[in-house]
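Working notes for the structure below.
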Amino acid sequence: MKKVLPSGKRDADFFEQVYQVVRAIPKGRVSSYGAIAKFLGTGMSARTVGWAMNAAHGLADVPAHRVVNRNGMLSGKMHFGTPTEMETRLKAEKIKVVDDQVQDFDKKFWDPALADW
DNA sequence: CACTTGACTTATT
DNA sequence: TAATAAGCCAAGT
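When we follow this note's numbering, the leftmost residue of the first sequence carries the number 1, and every step to the right adds one.
Structure below.
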């Protein structure tokens, strides 16, 4: 893993901090941009996490489909190859998706701060 | 270097 | 409860 940056400071590798968390999301679970941003600390915002996802969509080991917004809505589905890819991937992991929203989101939600790293 | 844009979130009306 | 505003921060223009 890359070095952990001092609080409030960032560099070009800040994407990897996001990737590390996203990769750690257990199969069949989801998380949110805000939760990841909060976990990573000061200087990070939900928008920044979203930007990191945008840059991560090419990496096979970064399951961006498991990251949704605070309401459990698939806000990033249109950024995949096809608008249905995100939903399809989630369903493949037994995550129910109806009308672009994760069902039982509060149960599927995975908080990085509660992980046993 | 200033302004705009966007896979967000929270507070206010 | 729904619509709007404001705060947020990196990258692109």
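Glycine residues also receive a C-beta, built at the ideal position from the N, C-alpha and C atoms.
Which first and last residues belong to the alpha helix (DSSP H) in which Leu90 is found?
For the purposes of this step, residue 90 is taken as the residue at position 90 of the first sequence. Looking at the DSSP string, the run of the alpha helix (DSSP H) that includes Leu90 is 85-92.
Looking only at its chain, what residues have a beta carbon closer than 6 Å to the beta carbon of Phe80, apart from the 5 residues adjacent to it on each side?
Numbered from its first residue, the first sequence carries residue 80 at position 80. Taken in chain order, the residues that qualify are Met86.
With H, G and I counted as helix, E and B as strand and the rest as coil, what does DSSP make of Val68?
Here the question's residue 68 lines up with position 68 in the first sequence. Residue state, collapsed to three classes: strand.
Keeping to the same chain, check which residues put their C-beta closer than 7 Å to that of Ile95; ignore five residues upstream and five downstream.
Walking along the first sequence from the start, residue 95 turns up at place 95. Counting only Cβ-Cβ distances below 7 Å, and skipping sequence neighbours, we find Gly28, Val30, Val102, Lys108.
Met78 - DSSP class collapsed to helix/strand/coil
To locate residue 78, count along the first sequence from 1; it is residue 78. The answer is helix: DSSP assigns Met78 an H, G or I state.
Give the straight-line distance between the Cα atoms of Ala46 and Val67, rounded to the nearest whole angstrom.
Here residue 46 refers to the residue found at position 46 of the first sequence. Here residue 67 refers to the residue found at position 67 of the first sequence. About 11 Å.
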